[in-house]
Structure formats: C-alpha cells, structure tokens
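Residue numbers (UniProt numbering): 1 to 286. The structure appears below as structure tokens.
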C-alpha cells in the first residue's frame, strides 16, 4: 500500500492521478482531513484514511498496512516541522519501509534570506536520522507560481520585482507529480535524493519576453529595489510578516539560491520538461 499525504492539494492530487495510471487503486491510499472533500478520490477506488498532521493518533491509524509514504510538505509554516515529525514518527512506529518528502531546491542553507525555508532542511535532517529508508525530492519553484509573482496587472504594468537577474529552472507542478508517481510506483530502492527542476533556467526578463511574444502585448521587467517594493506591498495593506516573506523569497532568487539545473526530472519523465514559453502558454491559456 502506498499512502500519499496532502492528497487533496495541488501536488498531492497530481501525484495521485499519475500513480493511478501505474498502480491499481487498491494499492493506493490518501491521507485526508475531510473525506467529504475527497469524494472524487473515493470514486476512483482510492482508500481514504482520515487524519491530520497535528493528530498523532490519527496518523498511527493511517499508517497501518502501508509500505511507502509520500509526505507532502505542510502549508502551516509555523507548525510545519513538528507536523512533519509526527508523520515520520508514525511511519517509523508502523514499520513503513520508505518515506519520501517534498522539499525545496535551495543551494545554501546557511545564506538563505527566507528563513521559513529552514523548516524543509530540519525535516530532511529528522528523516535522515529516523533510520527509515527515504528519498528527498527537492522541488524547484513551480512555473505555476509565476502568475502569482507577476500579478494580474502584468499586461498593463509589466513585472516589477526585486529579483535582479536571478534565474530559476521553473517546472510545472503536474510534471513534478508525474515524476513523484514514477518513483512511488517503482520497485525499491529509490535514490535518497532527487532534484526536480526544469532543463533550463530563466530570469523574470525571460518571463516578460515570453509573455510579450505569446500575447502580442509588450511586457517589461523592472528589477525593483527592495525599499520601494516593500512600500508598494505595504500600500496594498499586506502585513509586515507577509511583506518580509515575499521579499525573502525574491531575494533568494536574486542571490541564485534557486538556480540549479538537474536532469532528474527529465529522467523520471522520460522526456524534456515543459519549457518556459510552452508552460506560460498553458497557464495563461494564450
């Protein structure tokens, strides 16, 4: 039995869809907080196991008879590390053979501007020390996140971000889900580390050029300075903690933390991952 946590989220559901193409539904289980939100999974024959990262007893029940667990990183950034530890502890107690964890591709833990990402590394450390067989999936920034970064007024105002000339080998979330499913469906052992990125890195100037080409409307990229950008975010009423988080994320991009190209995603897909232009065309329906 293969258990996927966070099964109703974007990455979890994408992974499940591809896994069901490779394994019978009777071999797949989904950890969900609310089974009423997972009726589509149940209809596909997936076994629902109700539980929460915050409820160790529910995790103990969910792990029964499970051979492999894919731990999708939680979204509660303040409690995430403890939540992940709860899942790993339950897997260890139940005799699970292997745990995969969806981490992040950041080059240097010691120099990250966005310290919230430290939780991923702390989870990695805990999983390594657990004695369980494991795989770390260090995922690059989703190409799907680009529309959120550049904003809904990109056609009128262009792209204004403090990311300098930083580059990211963006990849589509659904292709990451496909790659994760490939590892989950394969016979063990899996590798201890997969770095899942696109095949080429791009800066936001490349994003602007691609959007200009696809839409026929000029889109410019302006490398903003942090104080002016922060003032703009504050003017939109965003809390200071959110402003700091956004700036930390973009500062890491500017400093090259995300600029690491790996062949792992292409190898698992059996093809070259979707590139920037084709991905933006799909996301923006251009």
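Positions of the beta carbon are idealized from the N, C-alpha and C atoms, including for glycine. Here the structure is a predicted model, which means the values were calculated and not measured.
Residue i beta carbon near the ligand SAH (any heavy atom closer than 6 Å)
| i | result |
| --- | --- |
| residue 225 | Ligands in the displayed structure: none, and consequently the ligand SAH is not present. |
Backbone secondary structure at residue i - three-state DSSP
| i | result |
| --- | --- |
| residue 87 | helix |
| residue 212 | helix |
| residue 174 | helix |
| residue 109 | helix |
| residue 125 | helix |
| residue 230 | helix |
Beta-carbon spacing of residue i, residue j below 7 Å
| i | j | result |
| --- | --- | --- |
| residue 4 | residue 70 | yes |
| residue 139 | residue 196 | yes |
| residue 126 | residue 85 | yes |
| residue 281 | residue 214 | yes |
| residue 31 | residue 7 | yes |
| residue 144 | residue 104 | no |
| residue 250 | residue 204 | no |
| residue 170 | residue 198 | yes |
| residue 253 | residue 163 | yes |
| residue 265 | residue 179 | yes |
| residue 168 | residue 141 | yes |
| residue 18 | residue 190 | no |
| residue 106 | residue 231 | no |
| residue 66 | residue 96 | yes |
| residue 102 | residue 137 | yes |
Residues that DSSP places opposite residue i in a beta bridge
| i | result |
| --- | --- |
| residue 135 | 100 |
| residue 68 | 2, 98 |
| residue 253 | Bridge partners of residue 253: none, in fact. |
| residue 222 | 160 |
| residue 202 | 168 |
| residue 142 | 171 |
Which whole runs of the beta strand (DSSP E) in the stretch 10–64 are 3 residues long or more, in chain order? 28–32, 47–50
Three or more C-beta pairs under 8 Å: does that hold for the stretch 75–91 against the stretch 12–20? no
Does the stretch 127–147 touch the stretch 214–222, meaning 3 or more C-beta pairs lie closer than 8 Å? no
At 3 residues or longer, what runs of the beta strand (DSSP E) sit wholly inside the stretch 147–200? 159–161, 193–196
With a threshold of 8 Å, are at least 3 pairs of Cβ atoms found where one atom belongs to the stretch 88–102 and the other to the stretch 236–254? no
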